[in-house]
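K.L.:
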Amino acid sequence: MTAVGDRLADAAAAIRGFYRHPVAWVALAVSAVLLTFGGGAVMFWFHAIFRGEQGPAIADVHHWLLDSSLGFAALTPVLALILPLGVWAAGTGDEAGRAGRRAYVGAVAAVFTLVTGPGPFLHNLVAGEGTPLAVLATRAFGHDGAVAARNLHVHDRSPLAEGILQVIVGFPVYLLCTWFGLALVRSLVRRTRRAGSAPQVDQPAPRRAPVGPDATCAHPGGRPRRRQRSGSAKGSSPRERVGAAAASSSP
């Protein structure tokens, strides 16, 4: 009993560690929506329309919405335990490549499919024709005469046979949904990382024009040019400089 308790404690710690990362919650939300509403749409067509099931006499889209909402509420907590198992199956290090992603998808889809095996039996028990939930759904969504006429030709089927068909047909459907969910989450993570690692370019401050009498004038070539002082002989000819020197030295 102690060994079993230690393993359960380790498993609980691993699950808590998995959900410390925000991306794990994103993966859970995306996977739950895709598996219950996306995969649920395919399985609803198979069970309710192709095979025929004794459900409420409401429009097909409302019936699908009802079944998928029930599946979302019931299966999301179970899926929260399945996703860490898929990550464990993917491995780490050199194994966590393409083969690891395949192992993750296969493990999640396989366990989820097995969990949904009793789905047809539970559906008839909870939302089958004549149940309180089916009556409430008919009052809320309205009676559909075409669906009621179709349900007249439905025969009772073995729950075991329907459960086996659920597993056989559901596995490839859930496999595709899990793969698409993984690709979607990876794409979101890559976009977030690119947005967070984008370099921030600082704009240079605008150069202020020089102000004041001693300011330098900008040269067309980029070099500053000093302002000439008044009375300076710089720039005059040699003859003018000699004349100016002689005039200044005369008494």
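For the sequence shown, the numbering used here gives the first residue as 2, with consecutive numbering after it. Just so it is clear, CB atoms sit at the ideal spot from N, CA and C, and this is done for glycine as well.
Taking the CB atoms as reference points, tell me whether residue 117 and residue 167 lie closer together than 8 angstroms.
P.N.:
yes
K.L.:
Quick one, are the C-beta atoms of residue 148 and residue 59 less than 8 angstroms apart?
P.N.:
yes
K.L.:
Who are the Cβ neighbours of residue 67 in its own chain at under 7 angstroms, not counting the five residues just before and after it?
P.N.:
128 and 138
K.L.:
Would you report the Cα separation of residue 104 and residue 75, rounded to the nearest angstrom?
P.N.:
25 angstroms
K.L.:
Apart from the five residues on each side of it in sequence, which residues of its chain come closer than 6 angstroms, Cβ to Cβ, to residue 163?
P.N.:
121
K.L.:
What would DSSP say about residue 160, mapped onto helix, strand or coil?
P.N.:
helix
K.L.:
Find the nearest neighbour of residue 57 within the set 196, 150, 173 and 158, judged by alpha-carbon distance.
P.N.:
150
K.L.:
Could you give the distance in angstroms between the alpha-carbon of residue 41 and the alpha-carbon of residue 63?
P.N.:
13 angstroms
K.L.:
Taking residue 73 and residue 132 to be in contact with their CB atoms under 8 angstroms, please state how far apart those CB atoms are, rounded to whole angstroms.
P.N.:
Contact annotation, residue 73 with residue 132: C-beta distance approximately 19 angstroms; criterion of less than 8 angstroms not satisfied.
K.L.:
Which same chain residues end up closer than 7 angstroms to residue 142 when comparing Cβ atoms and leaving out the 5 residues on each side of it in sequence?
P.N.:
Cβ within range, chain order: 59, 60 and 63.
K.L.:
When you compare the CB positions of residue 51 and residue 83, do they come within less than 8 angstroms of one another, or not?
P.N.:
no
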